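Taken in order, these protein sequences are the chains called A and B. The first sequence begins at 40 in the working numbering and counts up by one. The second sequence begins at 2 in the working numbering and counts up by one. Built from N, CA and C at the ideal position, the CB exists for glycine as well. Values in this document were obtained by computation on a predicted structure and should not be read as measured data. The structure appears below as structure tokens.
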Amino acid sequence: MSSGRFWAWSAHRKLAPFRRLHVLALAGLLASLSGTPAPAADSTAPQHDAAMTRRVDELLAAAGQSGGSTPGPPAADADFVRGVDVDLTAVVPPVAVTEEFLRSEQPDKRTALVDRLLESPAHATHLADVWRDLMLPRMVDPQQTAGIVGVQNWLRRQFVDNRRYDRIVADLLVATGGDESGPALFYTTVGVKPEELGTRTARIFLGIRLDCAQCHDHPFDRWTQEDFWGYAAFFARLQQRNDNAATMRLVDVSSGEVYLPETTTVVAMRYPGGETLDGPVRGTRRQQLAIWMVSRGNPYLGPAAVNLVWSQLFGRGLVEPIDDFGGHNTPSHPEVLDELSRWFVDAGYDLRRLHRVLANTRAYQLSSRHTGDDDPPPELFARMAIKTMTAEQLYDSLSTVGLRPAGEIDNRLADPQRQAFLIKMLTQTRTVTDFELGVPQALTLLNGTDLNALADAAQSKLLAALDAPFLDESQRVRTAFLATLTRPPNDHERSEFVEYLRAQPPAARQAALGDVVWALVNSAEFMLNH
Amino acid sequence: MMRRSKRTARISRRTLLRASGLGLVGTSLSGWLPRLAAQEAHDPKRKRQCILLWMNGGPSQLDTFDPKPDHENGGQFKPIATSVPGLQFSEHLPKLAAQAEHMAVIRSLNTKEGDHGRGTYLMRTGHVPGGAVEYPTVGALVSKELDDQNSDLPAFVSISPYQAFNPAAYGPGFLGPRFAPATVGASQSPVAADGDNYAELKLDDLALPSGVSEDQADRRMRLWNTLEQGFLASRPSQSALAHELVFRRAARLMRSRAAAAFDLEQEPDSVREAYGRGRFGQGCLLARRLIERGVAFVEVSLGAFEPNSVGWDTHQNNFTAVRQLSEQLDAGWSQLMVELNQRGLLESTTILWMGEFGRTPRINEMGGRDHYPNAWSCVLAGGGIQGGAAYGSTTADGMAVADGRTTAPDLLATLCAALGIDPEHENISDIGRPIKIAEGTPVRAVLS
Numbered sequence: 040m041s042s043g044r045f046w047a048w049s050a051h052r053k054l055a056p057f058r059r060l061h062v063l064a065l066a067g068l069l070a071s072l073s074g075t076p077a078p079a080a081d082s083t084a085p086q087h088d089a090a091m092t093r094r095v096d097e098l099l100a101a102a103g104q105s106g107g108s109t110p111g112p113p114a115a116d117a118d119f120v121r122g123v124d125v126d127l128t129a130v131v132p133p134v135a136v137t138e139e140f141l142r143s144e145q146p147d148k149r150t151a152l153v154d155r156l157l158e159s160p161a162h163a164t165h166l167a168d169v170w171r172d173l174m175l176p177r178m179v180d181p182q183q184t185a186g187i188v189g190v191q192n193w194l195r196r197q198f199v200d201n202r203r204y205d206r207i208v209a210d211l212l213v214a215t216g217g218d219e220s221g222p223a224l225f226y227t228t229v230g231v232k233p234e235e236l237g238t239r240t241a242r243i244f245l246g247i248r249l250d251c252a253q254c255h256d257h258p259f260d261r262w263t264q265e266d267f268w269g270y271a272a273f274f275a276r277l278q279q280r281n282d283n284a285a286t287m288r289l290v291d292v293s294s295g296e297v298y299l300p301e302t303t304t305v306v307a308m309r310y311p312g313g314e315t316l317d318g319p320v321r322g323t324r325r326q327q328l329a330i331w332m333v334s335r336g337n338p339y340l341g342p343a344a345v346n347l348v349w350s351q352l353f354g355r356g357l358v359e360p361i362d363d364f365g366g367h368n369t370p371s372h373p374e375v376l377d378e379l380s381r382w383f384v385d386a387g388y389d390l391r392r393l394h395r396v397l398a399n400t401r402a403y404q405l406s407s408r409h410t411g412d413d414d415p416p417p418e419l420f421a422r423m424a425i426k427t428m429t430a431e432q433l434y435d436s437l438s439t440v441g442l443r444p445a446g447e448i449d450n451r452l453a454d455p456q457r458q459a460f461l462i463k464m465l466t467q468t469r470t471v472t473d474f475e476l477g478v479p480q481a482l483t484l485l486n487g488t489d490l491n492a493l494a495d496a497a498q499s500k501l502l503a504a505l506d507a508p509f510l511d512e513s514q515r516v517r518t519a520f521l522a523t524l525t526r527p528p529n530d531h532e533r534s535e536f537v538e539y540l541r542a543q544p545p546a547a548r549q550a551a552l553g554d555v556v557w558a559l560v561n562s563a564e565f566m567l568n569h
Numbered sequence: 002m003m004r005r006s007k008r009t010a011r012i013s014r015r016t017l018l019r020a021s022g023l024g025l026v027g028t029s030l031s032g033w034l035p036r037l038a039a040q041e042a043h044d045p046k047r048k049r050q051c052i053l054l055w056m057n058g059g060p061s062q063l064d065t066f067d068p069k070p071d072h073e074n075g076g077q078f079k080p081i082a083t084s085v086p087g088l089q090f091s092e093h094l095p096k097l098a099a100q101a102e103h104m105a106v107i108r109s110l111n112t113k114e115g116d117h118g119r120g121t122y123l124m125r126t127g128h129v130p131g132g133a134v135e136y137p138t139v140g141a142l143v144s145k146e147l148d149d150q151n152s153d154l155p156a157f158v159s160i161s162p163y164q165a166f167n168p169a170a171y172g173p174g175f176l177g178p179r180f181a182p183a184t185v186g187a188s189q190s191p192v193a194a195d196g197d198n199y200a201e202l203k204l205d206d207l208a209l210p211s212g213v214s215e216d217q218a219d220r221r222m223r224l225w226n227t228l229e230q231g232f233l234a235s236r237p238s239q240s241a242l243a244h245e246l247v248f249r250r251a252a253r254l255m256r257s258r259a260a261a262a263f264d265l266e267q268e269p270d271s272v273r274e275a276y277g278r279g280r281f282g283q284g285c286l287l288a289r290r291l292i293e294r295g296v297a298f299v300e301v302s303l304g305a306f307e308p309n310s311v312g313w314d315t316h317q318n319n320f321t322a323v324r325q326l327s328e329q330l331d332a333g334w335s336q337l338m339v340e341l342n343q344r345g346l347l348e349s350t351t352i353l354w355m356g357e358f359g360r361t362p363r364i365n366e367m368g369g370r371d372h373y374p375n376a377w378s379c380v381l382a383g384g385g386i387q388g389g390a391a392y393g394s395t396t397a398d399g400m401a402v403a404d405g406r407t408t409a410p411d412l413l414a415t416l417c418a419a420l421g422i423d424p425e426h427e428n429i430s431d432i433g434r435p436i437k438i439a440e441g442t443p444v445r446a447v448l449s
């Protein structure tokens, strides 16, 4: 049951067909870029989305059969509500939401939950977190908080309005505002260097590693040095300005070139896999790139976005690593990627609908439980992946569970307690199926202030709630489990934990409840999304 | 990223296998055995351990290891002779001067980054900040190569780090949190002086939270164990197994004999006194205890926690501050070398002394010296180092490198070579690009 079969079977397929370059009129496009409305409400969208959901499942099932794999059992309701909440809003669900969901007997309650989460402000915040994380270095520089907040708020506004993804990217590519007024920090964290901006935008928005050809032609892929520098050339006429020491901004200037390394050869602008722009162009170089980015001539934008969202939900991309598309790295399910990408583009690059299609699939709603000795390769998606929460998801989930903020903090990104936690816990690889923390971080989780504050009666909102006099010990244990693990305890756990509470003298009851909460939030089950 | 993830998966499996083979996963607490120094010190192929003495704020080279008594830039300190004829240090470093035969001064650093945050990043990673790659700090790079993972103790311990200039310069970068330091007294901001008592140094978060008794902690772990086993029974994924292993290791370290390494009260008063009572002196003593127990990389910072200033950042009253700092430096570092030598460990331990940059030769109106990355000094000492010499030189006024120009990558490559690590060994970065441990060329003249 190796994955080799898939790879051999699909080796000759093209990832996505190149379409004829469709050149839009410059003036018209730029006008549309400035004020793109949200996708028009389409009353047939839900049916289309449901059909696409079924299509994805069909394709996965067909591939699974030819790969000799049968999907595992579906996730229980409790597992589903937790998984989808963390995946779509980055925090564990509140007890009330879980209770209501578990009680509901509506046949479409999962679909309804997905819709409700996708409409929630928390979902837009989560998407902003995801793209900010891709766009900025992970280490928090305390001096750049304003800029980080600027990137976050800019992104979040786009996602709140559910703007077309292609337009968001285009706007980012021509952005000028910095600090709190825009996303320019994306450019300035890499010193506005064309080669760094080329590298990053190609990886994030196109899913390709053009930079592997920065110094030499790429050994496996088709990219050449001219491809890399031709793409970097779109960022060659950009400068950072700090006027009157006020807000930082970006300015497109009229000169500036990139050169082949160690030569004086100027490299002309070239779209990846597309035409070279030799002559003078209208507008700025970045506008030129933005136009191509959203055009049908760009075969990468849709598949890269589909793959990114897929990897967020499924723990790995259809193409993995997600930023390494190319002939040398065949997708695990080429038809799924291809059909989803077409659908996404035709649906107006609507990220919300893309999330809805995927979150409603049978594949997404599989259990992560291991059954028997069967250990299917992760790229078959025959079982839900177990994903390690990011440091941000972990901290924000602790907050949801009942961590009190140190003071009135307008923006969680500027919360020093949160920043300190993130600096200690930040992981570097984006492989969410690994648990990367080491002993020093475990010591901080076991003994440090954050998790222990949740277990301390004076500081924990959860403990305050559990102290309600109308709850008996069994109900307290149940509520603590629901608040943290999003499930009631099983019989074995209930009897052990209830007995534990009863065994403590009344004076120590609060502390004993704290012990229960401490054990829950330090467990693998809490820190992993499953 | 694919390559990286496969590697990580392979490593974690290997770690798990090794750990279970050593009984680390079971109930046995005997995973750690103290090493016999003599046994290991004589293996010629053995890699060395490393101590970084980090001088926060940027120490003045003219008032420490590159005195200029014949020029007005030289300032008010007198040079003194050392144990090596012709080599002179500042008069405020007499104990170090007595051990100059173990020390090689590089007087010709030329690094170009004159901002605290940028200079700190450059010197500690070998790279200028601002690129797409998040480079690991030198301690993470070195301890990754040197650690044999057989110890309960962390491979990389950072004592009194002052991370505020540039947190990324203290982190494991693309190597990931497994290679992050265990910190002792980390703080984001300067605190008051230590007073008359010995500075208290504790491994951060090693002790139980206040108000939690050992008995209660045991009960907590039993509840935790029920949950952990329940989850592992239905979902024995790599990530869940790694979670269990890492948390058990942490819990065991809290109770293990190994943790006694951090208990400086086990040392007689005479020893504690000889190192100096402050954070730096006691940090050097802790470094010696950790090196004895096989920790691969220990860094001790000086200058982060001085009252009313950020240590060596002596824009005003340079001479008062440097004199005071030199006393701490002289006592702690010299005693560290004496005691390592007594134990046969100096030969197997390489020491690097440096800050983020040097200071201006010209003395400003406030009796201070400002930031100066053009021509400054660092010191290598101990194992792998040809001691008793100065490498490179600066001009008579101290304003420029006269010969032997050395860059930050060169320095890190030299450190690697002294430690027995190939500086050209490559790690895979977070963006999939292979990156050498150090890009520079080792300064052969200071290597033994």
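query, result
"Contact list for residue 247 of chain B against chain A, beta-carbon separation under 9 Å", "474, 476, 477, 478, 480, 481"
"Backbone secondary structure at residue 136 of chain B - three-state DSSP", "coil"
"Amino acids of chain A, ordered along the chain, whose beta-carbon sits closer than 7 Å to that of residue 362 of chain B", "The premise fails here: residue 362 of chain B is roughly 29 Å from chain A at the closest Cβ pair, so nothing lies under 7 Å."
"Proximal residues of chain B, C-beta to C-beta of residue 533 of chain A below 8 Å", "Here the premise fails: no neighbours, minimum Cβ distance about 11 Å."
"DSSP bridge partner residues for residue 55 of chain B (one or two, in chain order)", "B/302, B/355"
"Within-8 Å CB hit, residue 201 of chain B to chain A", "no"
"Burial state of residue 199 of chain B, where buried means 16 or more other Cβ atoms lie within 10 Å", "buried"
"Residue 381 of chain B (DSSP reduced to helix, strand or coil)", "strand"
"Contacts around residue 8 of chain B, its chain only, beta-carbon distance under 6 Å, and the 5 residues preceding and following it disregarded", "Note on residue 8 of chain B: pLDDT 35, under 50, position unreliable in the model; no value is reported."
"Among B/75, B/159, B/387, nearest to residue 140 of chain B - alpha-carbon criterion", "B/159"
"Interface partners of residue 300 of chain A on chain B, CB under 9 Å", "Here the premise fails: no neighbours, minimum Cβ distance about 15 Å."
"Same chain only: Cβ atoms within 8 Å of residue 246 of chain A, ignoring 5 sequence neighbours per side", "339, 342, 343, 346, 347, 358, 361, 362, 363, 364"
"Chain A within 8 Å of residue 117 of chain B, Cβ atoms only", "no"
"Neighbourhood of residue 42 of chain B by C-beta distance below 8 Å, restricted to the same chain and skipping five residues each side", "Any answer about residue 42 of chain B is weak, because its pLDDT of 43 lies below 50 and its placement is not dependable; what the coordinates show is given next. Counting only Cβ-Cβ distances below 8 Å, and skipping sequence neighbours, we find 345, 346, 348, 349."
"Test: residue 235 of chain A CB closer than 8 Å to a CB of chain B", "yes"
"Between the CA atoms of residue 240 of chain B and residue 122 of chain A - distance to the nearest angstrom", "16 Å"
"Any chain A beta carbon closer than 8 Å to residue 232 of chain B", "yes"
"Residue burial classification, residue 370 of chain A (beta-carbon count within 10 angstroms, cutoff 16)", "buried"
"For residue 103 of chain B and residue 388 of chain B, believed in contact at Cβ under 8 Å, the rounded distance", "4 Å"
"Residue 113 of chain A beta carbon less than 8 Å from that of residue 432 of chain A", "no"
"Where the beta strand (DSSP E) through residue 435 of chain B begins and ends", "435-437"
"Beta-carbon neighbours of residue 566 of chain A, restricted to chain B and to distances below 7 Å", "244"
"Below-8 Å beta-carbon distance, residue 204 of chain A vs any chain B residue", "no"
"Test: residue 536 of chain A CB closer than 8 Å to a CB of chain B", "yes"
"Closer than 8 Å to chain A by CB, residue 161 of chain B", "no"
"Run of the alpha helix (DSSP H) containing residue 216 of chain B, from where it starts to where it stops", "215-235"
"Bounding residues of the beta strand (DSSP E) (the contiguous stretch that carries residue 124 of chain A)", "Here residue 124 of chain A belongs to no beta strand (DSSP E); instead the alpha helix (DSSP H) covers 116-128."
"Per-residue burial, residue 61 of chain B [other beta carbons within 10 Å of its own, 16 or more giving buried]", "buried"
"Which listed residue (A/182, A/219, A/425, A/176) has its alpha carbon closest to that of residue 194 of chain A", "A/219"
"Proximity test, Cβ basis, 8 Å: residue 390 of chain B and chain A", "no"
"Neighbourhood of residue 143 of chain B by C-beta distance below 6 Å, restricted to the same chain and skipping five residues each side", "51, 298"
"Span separating the alpha-carbon of residue 312 of chain A from that of residue 263 of chain A", "10 Å"
"Any C-beta of chain B under 8 Å from that of residue 429 of chain A", "no"
"Given residue 248 of chain B as reference, the closest of A/130, A/535, A/498, A/479 once Cα atoms are compared", "A/479"
"Test item: CB-CB of residue 278 of chain A and residue 297 of chain A under 8 Å", "no"
"Per-residue contacts from residue 407 of chain A into chain B (C-beta, under 7 Å)", "236"
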